[in-house]
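Peer 1: Sharing a structure below in structure tokens format, with a few things to ask.
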Amino acid sequence: MKRREKAERIQRMLESLYPETPVPLDHKNSFQLLVAVLMSAQTTDLKVNEVTPELFKQGPTAEKMATLEVEQIQAMIKQVGLAPTKAKNIKRLSELLIERHDGVIPNTFEELEALPGVGHKTAGVVLAQAFGIPAFPIDTHIHRLASRWGLSNGSNVERTEKDLKAIFPKHAWNDLHLQIIFFGREYCPARFHDLTTCPICSWAATKKRIAEEEKKNRTKSRRSK
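Just so we're on the same page, the numbering used here is the position in the sequence shown counted from 1, plus 55.
Here it is, written out as structure tokens:
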């Protein structure tokens, strides 16, 4: 099966499974979304949603957040990974948003990526979810599944983004970004996954990939005993 044919079948399945694609990070405006996505690096969305209510109560906008001390921000987000660095970035990006953009979140990759702690993936999520701009952000989950499904060679996230944009229609990129994440969480976990029983891996993954992951699972299982 060619990649494009495989992509079309996968897209139909994901649309059937996840017709609605709610944003998993709680927020009330684009600034809060930016901060939440920044914090989600190396941290679960669930954990981010646990700490943001108090953070956004104290700093609901860039103007309010900029008045907080780094130590205050860090104390409120201490449960997330890399909290000290993220606190500094949240403080500084809030200041820069005021200095450069009058407190308004910019809607281009270049301007977003110029902010502290905002990489390409974070910028893509904000553009997709706050502005509806087609972006197809690639996180580790999507990168892994695209490789499992034979849609990309898995060499790096930049290659995965390029490959997925080439085989999926542009109007569907933003929904697919979330649909693939939802599918990964529900059916296609990173560890101890039986590809032969997966609704997509079972037919999309190559025999070689299935054998490789079976071998890895056996090795991990022996080490855990």
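In this text, a Cβ means the ideal position worked out from N, Cα and C, and glycines have one as well.
(1) By the DSSP assignment, the alpha helix (DSSP H) with R246 in it spans what residues?
(2) Run the CB neighbour count on D218, radius 10 Å, all protein chains shown included, and call it buried at 16 or more, exposed below.
(3) Apply the 10 Å Cβ neighbour rule to K141 and answer buried if 16 or more other Cβ atoms are within range, or exposed otherwise.
(4) Less than 7 Å between the C-beta atoms of A260 and R203, yes or no?
(5) How many whole angstroms separate the CB atoms of M94 and I132, which I take to be in contact at a CB cut-off of 8 Å?
(6) Short check: CB of G114 to CB of L123, under 7 Å?
(7) Do P161 and K176 have their C-beta atoms closer together than 7 Å?
(8) With the cut-off set at 7 Å, would you say A190 and L200 are in Cβ contact?
(9) Quick test of your reading: A117 and G158, contact by CB under 8 Å. State the CB separation rounded to the nearest angstrom.
(10) Measure the alpha-carbon distance for Q184 versus G174 and round it to whole angstroms.
(11) Can you tell me where the alpha helix (DSSP H) with E126 in it begins and where it stops?
(12) Note down, in chain order, each residue of its chain lying with its Cβ closer than 7 Å to the Cβ of A138, except the 5 sequence neighbours on either side.
(13) Kindly indicate which residue of G239, Q234, F223 has the alpha-carbon position closest to the one of H196.
(14) How far does the alpha helix (DSSP H) with N104 in it reach, from first residue to last?
(15) Could you tell me which of V125, V78, K119 sits nearest to N104, measuring between CA atoms?
(16) Among H232, F237, V212, L206, whose alpha-carbon lies nearest the alpha-carbon of I222?
(17) How should H82 be labelled, buried or exposed, when 16 other C-beta atoms within 10 angstroms of its C-beta is the threshold for buried?
Peer 2: Looking at the coordinates:
(1) As a working note, residue 246 is residue 191 in the sequence shown. Unbroken run through R246: none, as it is neither H nor E.
(2) Walking along the sequence shown from the start, residue 218 turns up at place 163. Buried.
(3) The residue you call residue 141 lines up with position 86 of the sequence shown. Buried.
(4) Indexing the sequence shown from 1 puts residue 260 at position 205. Indexing the sequence shown from 1 puts residue 203 at position 148. Against a cut-off of 7 Å, the Cβ pair of R203 and A260 comes out as a contact.
(5) Counting from 1 along the sequence shown, the entry for residue 94 is found at position 39. Counting from 1 along the sequence shown, the entry for residue 132 is found at position 77. Correct: roughly 6 Å between the Cβ atoms.
(6) Position 59 of the sequence shown, counted from the first residue, corresponds to residue 114. Position 68 of the sequence shown, counted from the first residue, corresponds to residue 123. Contact flag set, yes.
(7) On the sequence shown, residue 161 is found 106 positions in, with the first residue counted as 1. On the sequence shown, residue 176 is found 121 positions in, with the first residue counted as 1. Taking 7 Å as the Cβ cut-off, P161 and K176 do not qualify as a contacting pair.
(8) Taking the first residue of the sequence shown as position 1, residue 190 is located at position 135. Taking the first residue of the sequence shown as position 1, residue 200 is located at position 145. For A190 and L200, no; Cβs fall outside 7 Å.
(9) Numbered from 1 along the sequence shown, position 62 holds the residue referred to as residue 117. Numbered from 1 along the sequence shown, position 103 holds the residue referred to as residue 158. So it is a contact: roughly 4 Å between Cβ atoms.
(10) For this step, residue 184 is matched to residue 129 along the sequence shown. For this step, residue 174 is matched to residue 119 along the sequence shown. Their backbone Cα atoms lie some 16 Å apart in a straight line.
(11) Your numbering for residue 126 matches position 71 in the sequence shown. That run of the alpha helix (DSSP H) goes 125-131.
(12) The residue labelled residue 138 in the question sits at position 83 within the sequence shown. For A138, where only same-chain residues beyond five positions count, the Cβ hits under 7 Å are Q129, I132.
(13) To locate residue 196, count along the sequence shown from 1; it is residue 141. Here the closest residue by C-alpha is G239.
(14) For this step, residue 104 is matched to residue 49 along the sequence shown. Run containing N104: 100-113, per the alpha helix (DSSP H) assignment.
(15) Position 49 of the sequence shown holds residue 104. Out of V125, V78, K119, V78 has the C-alpha closest to the C-alpha of N104.
(16) Here residue 222 is taken as the residue at index 167 of the sequence shown, counted from 1. Taking only the C-alpha atoms, the option nearest I222 is L206.
(17) In the sequence shown, residue 82 corresponds to position 27, counting from 1. Under this definition H82 is a buried residue.
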